[in-house]
Every structure is written in C-alpha cells, then in structure tokens.
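In the numbering used here, the protein residues as written are 21 to 300. Below: one structure, written as structure tokens.
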C-alpha cells in the first residue's frame, strides 16, 4: 500500500490546557462586557519561535493557490489548502482546532459546544497587499457544508516591525455604523477573539499604505455551534457589507444575489455562472 502520510520537520509544540484556561478565566468578564460587541485582544500568547517559523513558511502573494478577491468591497488574498502550507503552519492550525483551544474559547466566551472547522471555510491564511482593504461587514453566519452557526472568530497577526502609519487596523464598529469604537493594529503575535453576530460590524476599510514589499498577514479560524440565541441573528446570509458615514460603495452582483434574490432565481443565476459565492 502506498504511504498515506508524509514525513515533515515541524516545530513541535502543544497547548498547555491549564495555562490556557487560566488566561481565559482572567479575561472572561472583560471579553463578555467589551463594546461594541464581545471581544478580546491578547499579545504574546504564542511562542515567538513558533510564529516566526509560521511567518517564514508564509507563501508570497505570487505563489500559486491563493484565492484572490478584488472588487470595490475587498482586495485580499486567502489560502486554505493545507497541501500548500508548511509543516509548522499546518500543526499550528491543527492546534487551534484542538480540544484544549476549544475549551479556552468556551471558557473565555461562555459559549458551550463550539465546533472547529477543518475545512477553514473563509479562513486559513490571509494577506493584504499595498492598496488592499476589507470594507466593514458582518460575516456569513452558516457553514455551507456543516450547516452550523458561526459564533467565534480568531485572528492571529504575523506582522513584525509594523508601522501603524501603514494602517491595516481591525476596526470594530457600533451597531448603528456611526463610529469605530476600537481600532486594533495587526501586530506580530497579537490574537483577536470576537463573537460573530449580525451586529458585529468589523473590517479593515481603508487602503493599506505599507511599502510594496510588505503585506498584512494573518491566520484566521472560525468556530461554530449547533444553534444559537435568536437575538444574535436575523436570517441566514453570506457576508453583508456596511457603509460608513459618508461612504459610497456599490453593491456587487454577488452581494445582491446571495442576500436579496429569491432562492430559486439565485440558483438559476448561479448555474449560469453570473454569481460567485462570497466567503468573508
């Protein structure tokens, strides 16, 4: 029989469950009370050596396999194909989907029964080049394959020596889209955890001003549950983009189609190839 596993040299590390739970207990109350929606920013949670190895394995924008998003609402690259990722990166992703990390998230957020996503739908590796952005939005709220409810986002930033004048901040906006209540710089070994609801408006809305040779790089994982409070969601939907005060950005065909058109008509349009599903 042909071998089904490949040998690889990865930087070995595993989460310490007790240490993780201690961090979660220390931050749980603040996480749940943070405005404009529950969130936490943690610096230095991971070994520096580990993230440096992940960064060294990070594919360049010119590498094959990136999904490219380029429209008036987002200009970014995403990759979730594990076969194209380095061994330490794969191990890191697997640990972020492990039971100890799930228990950490449950203790931190108070949401029980979280389910990881081994398909990394909309997640995996992200990078944004100079001039790129991701307008303020709320995320898709159902996993296409698993049909579970999306509850938690985890973002780990990999940007060493980042100059804040370059921008790239994660902005957390209030429900009425009147102002950004928090702006989080995408600094190396910074993790952001936040609850995803129909009111969790967030994004990186202004074009990135980093030098041409630099990119805004991150690892993104999403977590789900079977059911959720009715108060958190209006209806099943894909990514919905929001407009800041005075901002004029057009609706794309996929945004109109996937969120406004009747399902029968949308299916016909999609089969004809005019609407592409958007995952954000």
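C-beta: ideal position from N, C-alpha, C; glycine also. Keep in mind the model is a prediction, meaning the values are calculated, not measured.
**OP:** Taking only the alpha-carbon atoms, compute the straight-line gap between residue 176 and residue 74 and give it to the nearest angstrom.
**Re:** 11 angstroms
Subject >> Selected residue, minimal CA-CA separation from residue 188, among 149, 221, 199, 196 >> reply: Ranking the options by Cα distance to residue 188, first place goes to 149.
Subject >> Limits of the unbroken alpha helix (DSSP H) element including residue 122 >> reply: 119 to 129
Original post:
Under the rule that 16 or more other beta-carbon atoms within 10 Å means buried, what is residue 34, buried or exposed?
Top reply: exposed
Original post:
Mapping DSSP to helix, strand and coil, what is residue 137?
Top reply: Taken through DSSP and simplified to helix, strand or coil, residue 137 comes out as coil.
Original post:
Taking the alpha carbon of residue 230 as the point to measure from, which residue in 199, 264, 210, 183 has its own alpha carbon closest?
Top reply: 183
Original post:
For the 8 angstroms Cβ check, are there 3 or more pairs between the region 203 to 219 and the region 87 to 99?
Top reply: Counting Cβ pairs under 8 angstroms, fewer than three are found: no touch.
Original post:
Nearest-angstrom Cα distance between residue 262 and residue 253?
Top reply: 16 angstroms
Subject >> Spatially closest choice to residue 89 from 257, 155, 208, by CA coordinates >> reply: 155
Original post:
So does the region 131 to 151 actually touch the region 225 to 242, counting three or more Cβ pairs closer than 8 angstroms?
Top reply: yes
Original post:
Expressed to the nearest angstrom, what Euclidean distance is found between the alpha-carbon atoms of residue 329 and residue 115?
Top reply: Because the chain in this structure spans residues 21 to 300, residue 329 falls outside the shown range and cannot be described.
Subject >> Integer Cβ distance of residue 243 from residue 107, believed to fall under 8 angstroms >> reply: Residue 243 to residue 107, Cβ: 24 angstroms. No contact.
Subject >> Residue from 66, 267, 37 with nearest C-alpha to residue 211 >> reply: 66
Original post:
Which value, in whole angstroms, describes the spacing of the CA atoms of residue 200 and residue 191?
Top reply: Between residue 200 and residue 191, the alpha-carbon positions lie close to 6 angstroms from each other.
Original post:
Taking the continuous beta strand (DSSP E) assigned at residue 17, which residues delimit it?
Top reply: The structure shown does not extend to residue 17, since the chain spans only 21 to 300, so no value can be given for it.
**OP:** Kindly list the residues whose CB is nearer than 6 angstroms to the CB of residue 131, restricted to its own chain and excluding five residues on each side of it in sequence; keep chain order.
**Re:** 171
**OP:** Determine the direct distance from the alpha carbon of residue 173 to that of residue 143, and round the result to whole angstroms.
**Re:** 9 angstroms
Original post:
So residue 129 packs on residue 58, CB below 8 angstroms; how close in whole Å?
Top reply: 7 angstroms
Original post:
According to DSSP, what are the bridge partners of residue 194?
Top reply: Paired residues: none, contrary to the question.
**OP:** Figure out for me which residue from 39, 153, 246, 178 has the closest Cα to the Cα of residue 224.
**Re:** Here the closest residue by C-alpha is 153.
**OP:** Taking residue 166 as the reference, give the member of 178, 122, 180, 139 with the closest Cα.
**Re:** 139
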